[in-house]
Amino acid sequence: MRYLLLFLILLSACRRSEPVAGPPDVYQLSGEIVKLNADKKIATIKHGPIKAADGKVWMEAMTMEFPVRDAAGFAKLSPGVKLKAKLYQQPVDFDYWVAEIEVQP
Ligand SMILES: [Cu+2]
Numbered sequence: 000m001r002y003l004l005l006f007l008i009l010l011s012a013c014r015r016s017e018p019v020a021g022p023p024d025v026y027q028l029s030g031e032i033v034k035l036n037a038d039k040k041i042a043t044i045k046h047g048p049i050k051a052a053d054g055k056v057w058m059e060a061m062t063m064e065f066p067v068r069d070a071a072g073f074a075k076l077s078p079g080v081k082l083k084a085k086l087y088q089q090p091v092d093f094d095y096w097v098a099e100i101e102v103q104p
């Protein structure tokens with residue numbers, strides 16, 4: 000009984016601890032702005048296929064929303080603007096965001 004109690008305490012301690020966050024994965028993103036949410040800093044981007052480091056397609060072309068963590072870059076965006084950017088994804092919790100935006104001619 001005592002061991003069971005110890006086990007349960009350890010188990011709950013494990014559950015409470017945060018997952019260890021490593022460096023995020025980085026992908027090259029290119030696409031076109033469809034819509035912006037200025038309050039939430041979310042850009043709806045029609046993006047091309049996104050490749051992983053091994054050259055395989057990691058995500059097919061689609062239109063989806065991306066949180067933007069680049070205030071200066073976000074300010075340059077408006078619907079129809081073409082951009083290249085970096086897409087970061089935290090492998091632990093799958094949190095993702097776009098940064099290092101370069102507006103394309
Ligand atoms: Cu996508």
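Here the sequence shown stands for residues 0 to 104, where the numbers follow numbering that gives the first Met the number 0.
C-beta atoms are modelled at their ideal positions from N, C-alpha and C, and glycine is treated no differently.
Every value quoted in this text rests on a predicted model; they were computed, and no experiment measured them.
Spatial neighbours of residue i in its chain, beta-carbon cut-off 7 Å, leaving aside the 5 residues before and after
i: Q103; result: K81, L82, K83
From the options, residue whose alpha carbon lies closest to that of residue i
i: K34; options: H46, Y26, P23; result: H46
8 Å Cβ cutoff met for residue i and residue j
i: I41; j: E31; result: no
i: D69; j: I49; result: no
i: V91; j: A20; result: yes
i: P23; j: Q88; result: yes
Same chain, Cβ closer than 6 Å to residue i, neighbours up to 5 away in sequence not counted
i: L86; result: Y26, L28, V97
i: V67; result: K40, A42, F73, V97
i: M58; result: I49
i: E64; result: I41, T43
For residue i, the residue or residues it bridges with in DSSP
i: K81; result: E31, Q103
i: W96; result: Y87
Environment of residue i [buried if 16+ CB atoms lie within 10 Å]
i: F93; result: exposed
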